[in-house]
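Novice:
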Amino acid sequence: MHDPDELRRIMEERIPFNRVLGIRVAELAPGFARLEIPYREELIGDQQRPALHGGVISALVDTCAGTACWTEIEAGDRVSTVDLRVDYLRPGRRETLVAEARVIRMGNRVAVADVTVFHPDAPGELVASGKAVYNVARRQD
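In this note's numbering, each residue's number is its place in the sequence shown (first place is 1) plus 410.
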């Protein structure tokens with residue numbers, strides 16, 4: 411597994427898009443990641459409801475699933491998104507958004523993760539669910 415502190419730095423500091431979204435790593439374990447995006451008004455996509463933008467939700471799904479996969483690869487290995495499916499189940503409210511991802515398959519070339527997205531005060535009321543597939547590129551020594 412990647413060093414958890416280093417993986418946290420990569421996800422929070424070294425990926426510019428994650429910084430724009432304000433993504434924070436809340437928990438890491440082998441095959442598992444919990445990421446959060448604190449609420450900001452700039453993340454609203456539908457001012458009428460109001461509701462968080464679907465792109466924010468899908469980016470969190472992809473980033474969380476990828477992070478969970480990173481917990482199961484070695485330093486120097488890489489993962490890149492091949493396929494991403496997001497089912498939007500209810501509007502994201504004006505509060506912190508949480509995603510939890512679990513790796514369901516880690517192969518030599520392909521990894522698959524399931525993701526749930528919710529608000530901290532209502533973990534049983536999913537905002538979205540997702541599945542992500544990644545190409546795994548192993549370091550060549």
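Note that the Cβ used here is the ideal one computed from N, Cα and C, for glycine as well.
The model shown is predicted, which means the values in this text are computed figures rather than measured ones.
1) Taking the alpha-carbon positions, what's the Arg-548 to Asp-531 distance?
2) Classify Ala-439: buried if its beta carbon has 16 or more other beta carbons within 10 angstroms, exposed otherwise.
3) Look at Val-522 and Ser-539 and say whether their C-beta atoms are less than 8 Å apart.
4) Output needed for Tyr-498: all residues of its chain with C-beta closer than 8 Å, excluding positions within five of it in sequence on either side, in chain order.
5) Measure the alpha-carbon distance for Ala-475 versus Arg-512 and round it to whole angstroms.
6) Can you look up Gly-476 in the DSSP assignment and give me helix, strand or coil?
Specialist: So, from the data block:
1) Taking the first residue of the sequence shown as 1, we reach residue 548 at position 138. Taking the first residue of the sequence shown as 1, we reach residue 531 at position 121. Between Arg-548 and Asp-531, the C-alpha separation is close to 39 Å.
2) Locating residue 439 in the sequence shown gives position 29, counting from the first residue. Ala-439 should be labelled exposed.
3) As a first step, residue 522 must be located in the sequence shown, where it is residue number 112. As a first step, residue 539 must be located in the sequence shown, where it is residue number 129. Cβ distance not < 8 Å, so Val-522 and Ser-539 don't count as in contact.
4) For this step, residue 498 is matched to residue 88 along the sequence shown. For Tyr-498, where only same-chain residues beyond five positions count, the Cβ hits under 8 Å are Gly-464, Ile-467, Val-537, Ala-538.
5) Working through the sequence shown from its first residue, we reach residue 475 at position 65. Working through the sequence shown from its first residue, we reach residue 512 at position 102. Approximately 7 Å between the Cα atoms of the pair.
6) Here residue 476 refers to the residue found at position 66 of the sequence shown. In this structure, Gly-476 counts as helix in the three-state DSSP scheme.
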